[in-house]
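Student:
Residue numbers (our numbering), protein chains in the order written: chain A, -14 to 470; chain B, 55 to 472.
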């Protein structure tokens, strides 16, 4: 077996190199305890594994092998004198005075400790309780005639508010009427009969041909002479009686009465067989038609509706300005009505636009939400299950309007939802817990009904035989921690 | 009975503090300020409540690092305290000068300082229908502590290595109970739940009493008031948890490599071995007959691809040898830390030695699942704190993985202080 000795400055790399250079299969190592090799137990394992890989077996010098030997022979790095701290040296006085002061100090210390032990400790007892939800729904009447809450009839005072406003606006007229002029001209009436025909003023002449059916009225009385028969050498000649330049006017307005010249007219009343007829040597002119705007009833109704809506919206805003504190307005229960309506022009009058003025009134009943809540809370509290208390700050109220009447009364469906927890008498609990050991307090709390768990926090931490809950009740804080459903 | 609440005077969020990472090759000091968004920035008295942490922003006011002398440390322990004090004081001074403030309150990090011992406990309740109250849980935890602590302490003695004084016990820094299971159901806290079988993990943090005394002396001479002691690998968890649910932190230091595992509910930390980048330097110095500075320059030239092919091949041979020891050590450390469940699938490489050339590819090539329980073949990640946007101020100072522990400690303690 080969023996290798190392000094304290040799590092692991040197030790391994030395082992590598050694050809012997079994090597005994002597490494001084100050060498870095001993700074970690893993170094030895590392070296052992490395040697196994090299087919070498390592043995350790007995002086360095066991920890006991190592620890006894390790010489630590010397601490330089500059780093060493000087120890404080103080010569205590000897004799009775010294003992007296020691005794006095002990008395004071004990008194202080007693004081601290009694007054200082603080405890927070947290009780875990399960919450439950309770709901109550009631019909509540808001009555403007009462001034205080009526618990028996479930009525709350209301305030009736009426607001009047006027709105004015200009609106376009959309109604239409037709206007225009009648065509007129001159006709010549021919008479083929053997008697003179007398035509009164207003006799109708009806057009024939392409534009048949148009009626014109004769504007003067006229007598059309009969046919004149003149004997000729070869026979006889019939000369029709005629009357020229007779003024006629169309029965109705319109450009369709502007007829071309040489239109034949039938004199309806007299000659169905065309024995009497008329023609116009010149075309008729002057027939026109135009459309004109008038104010219709629908226009007026539309204007009133629009203005009324404006007035009601304004009224609603004005009512809202009357709300005080937690007063609430149910907008769907505002009563609106139109008091007065005026128009600058009457129905059917020709006009492009017109002005309308509407005065409307809105009436609403206001109520205080907190009063409704107060009323419902009272009802809820009266109906609480025994042994439970209501967490008033966790109640919620929802309101829905149902009906209103002409007297300003408003009927509401009010729903109140609250959280209830088991009732715990904190003062009584404090009294019972004061001065108890933690285990006793736990035993007491475990027996409490209605609680789901507890936690006791004590301050300050003291040895277990001294640790108690405070002897003073005011140093015990009871906290109720609600566990949500 | 455990106090359910405590009053906490919130310190001004903008109050800076120092994080000192006493590495075995370099000491790093940073003056940092942690800012929380939201109303908690205000300075007021608050009742501390459980809640989600507010978004944090880390402001780097000043940062500096200083290299130790070649013989200042032996392994991971200071050998020449005067020299260590001088370099550390210089780093603190530089960082403070840059920050314009000289904070006294500090977090002190030292590699391999802390060892976590986790003990899994299973117990049966006598009244399974009754919900677990605070009093009962406190009693259970007290009893568990009484039963578990002696064995955990013995384990800690073995894991931390031998001590100077005979019968010297390690110092316990922190106790925590977590990983609660009630009748097989995982709970963040069993309070107010009922059940029969309660399982929990009792976690204790130990450190070597004499080692801490030396570091305390050092801190006292620097005029620092240390409010938190930890190791860079453990602190880095606070930072890396934000990006990886589980991981293996490998903090490759100058003379010591520390390994820590973290899972969502559990941390297994503090295993390490004396192998680091200084050992590679030593190998290079021996091979090429160089000084320490020359070997550092050679490594740098290699990293910058400025070496000839033959030289590079020689270096590769040495690196392969160095990596062989590193990986053997890592396997031993992971075997020591493994708690039954499969190992995390991320190697998170940090520390000054983590930017040695070809380190990541070597991690990828090594058959990790041959001797260890990996469910998924692990991937190596080189951690660069600089890449994260929540760090503000002089963030470019944190330009290498060696600052990961500093950032983690700042997040961990800054979050608690605000």
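Glycine included, each C-beta is placed from N, C-alpha and C at the ideal position.
These numbers come from a predicted model, not from an experiment.
1. Could you check where the beta strand (DSSP E) with residue 303(A) kicks off and where it finishes?
2. Rounded to whole angstroms, what is the Cα-Cα separation between residue 344(A) and residue 468(A)?
3. Quick check on this structure: which residue in 284(A), 31(A) and 269(A) has the alpha carbon closest to the alpha carbon of residue 154(A)?
4. Express the C-alpha separation of residue 233(A) and residue 264(A) in angstroms, rounding to a whole number.
5. Here's the rule I'm using: 16 or more other beta-carbon atoms within 10 Å means buried, otherwise exposed. How should residue 421(B) be labelled?
6. For the stretch 431 to 461 of chain A, enumerate the residues whose C-beta is nearer than 9 angstroms to any C-beta of chain B, in chain order.
7. Does the distance from the C-beta atom of residue 195(B) to that of residue 231(B) stay below 9 angstroms?
8. Going by C-alpha distance, which of 425(B), 387(B), 436(B) and 310(B) is nearest residue 403(B)?
9. Beta carbon of residue 430(B), beta carbon of residue 466(B): below 9 angstroms?
10. Leaving aside the five residues before and after residue 266(B) along the sequence, list all residues of the same chain whose C-beta is less than 8 angstroms from its C-beta, in chain order.
11. So residue 34(A) contacts chain D; which residues on that side make the cut at Cβ distance below 8 angstroms?
12. Does the pairing of the stretch 247 to 254 of chain B with the stretch 168 to 182 of chain B give three or more beta-carbon distances under 8 angstroms?
13. What do you reckon, are the CB atoms on residue 387(A) and residue 348(A) nearer than 9 angstroms?
14. List in chain order: all unbroken beta strand (DSSP E) runs of 3+ residues lying wholly within the stretch 175 to 243 of chain B.
15. Spell out a yes or no on whether the stretch 375 to 393 of chain B and the stretch 325 to 334 of chain B are touching, meaning 3 or more CB-CB pairs, one atom from each, closer than 8 angstroms.
16. Shortest alpha-carbon distance to residue 428(B) belongs to which of 392(B), 362(B) and 157(B)?
17. Tell whether a beta-carbon distance below 9 angstroms holds between residue 548(A) and residue 376(A).
18. Please list, in chain order, the chain B residues whose beta carbon lies closer than 8 angstroms to that of residue 427(A).
19. Pick out the complete beta strand (DSSP E) segments inside the stretch 296 to 366 of chain B, 3 residues or longer, and give them in chain order.
20. Determine the direct distance from the alpha carbon of residue 394(A) to that of residue 358(A), and round the result to whole angstroms.
21. Grouping DSSP H, G and I as helix and E and B as strand, with all else coil, what is residue 146(B)?
22. Examine chain B for any beta-carbon lying closer than 9 angstroms to the beta-carbon of residue 27(A), and answer yes or no.
23. Identify, in the order they occur along the chain, each residue of the same chain with its Cβ nearer than 6 angstroms to the Cβ of residue 112(A), setting aside the five sequence neighbours on each side.
24. Going straight from the alpha carbon of residue 397(A) to that of residue 422(A), what length do you get?
25. Residue 464(B) bridges to which residues according to DSSP?
26. Does chain B have any CB closer than 9 angstroms to the CB of residue 463(A)?
27. Say the cut is 8 angstroms; is the CB of residue 204(B) nearer than that to a heavy atom of the ligand PLP?
28. Would you mind telling me which residues of chain A sit closer than 8 angstroms to residue 301(B), beta carbon to beta carbon, in chain order?
29. Roughly how many angstroms separate the alpha carbons of residue 29(A) and residue 213(B), rounded to a whole number?
30. With distances taken from CA atoms, which of 207(A), 199(A) and 197(A) is nearest residue 186(A)?
31. To the nearest angstrom, how far is the alpha carbon of residue 458(A) from that of residue 415(A)?
32. By DSSP, does residue 33(A) sit in helix, in strand, or in coil?
33. On the CB-based measure, 16 or more other CB atoms within 10 Å of its CB, does residue 337(A) come out buried or exposed?
34. Alpha carbon to alpha carbon, what distance is there between residue 432(B) and residue 320(B)?
35. So what does residue 260(A) bridge to, in DSSP terms?
36. Could you give the uninterrupted runs of the beta strand (DSSP E) lying entirely in the stretch 416 to 451 of chain A, keeping only those of 3 residues or more?
Tutor: Checking against the coordinates, here is how it stands:
1. From DSSP, residue 303(A) is part of no beta strand (DSSP E) but of the alpha helix (DSSP H) over 282 to 306.
2. 59 angstroms
3. 284(A)
4. 11 angstroms
5. With fewer than 16 other Cβ atoms inside 10 Å of its own Cβ, residue 421(B) counts as exposed.
6. 431, 438, 439, 440, 441, 442, 443, 444, 445, 446, 449 and 452
7. yes
8. 436(B)
9. no
10. 167, 225 and 283
11. Looking at the structure shown, chain D is missing, and the protein chains on hand are A and B.
12. yes
13. no
14. 225 to 236 and 239 to 241
15. yes
16. Closest option to residue 428(B), Cα to Cα, is 392(B).
17. Beyond the ends of chain A as shown, which are -14 and 470, falls residue 548(A); an answer cannot be given.
18. 187 and 189
19. Given a length threshold of 3 residues, each whole run of the beta strand (DSSP E) inside the stretch 296 to 366 of chain B is given here in chain order: 301 to 306, 311 to 316 and 321 to 327.
20. 18 angstroms
21. helix
22. yes
23. 436, 439 and 465
24. Taken atom to atom, the span from the alpha-carbon of residue 397(A) to that of residue 422(A) is near 56 angstroms.
25. DSSP, once it has assigned bridges, lists no residue as partnering residue 464(B).
26. No, because no Cβ of chain B sits closer than 9 angstroms to the Cβ of residue 463(A).
27. This structure simply doesn't include the ligand PLP, nor any ligand for that matter.
28. The premise fails here: residue 301(B) is roughly 20 angstroms from chain A at the closest Cβ pair, so nothing lies under 8 angstroms.
29. 12 angstroms
30. 207(A)
31. Rounded to the nearest angstrom, the gap between the Cα atoms of residue 458(A) and residue 415(A) is 6 angstroms.
32. helix
33. exposed
34. 19 angstroms
35. According to DSSP, residue 260(A) bridges with nothing at all.
36. 438 to 444
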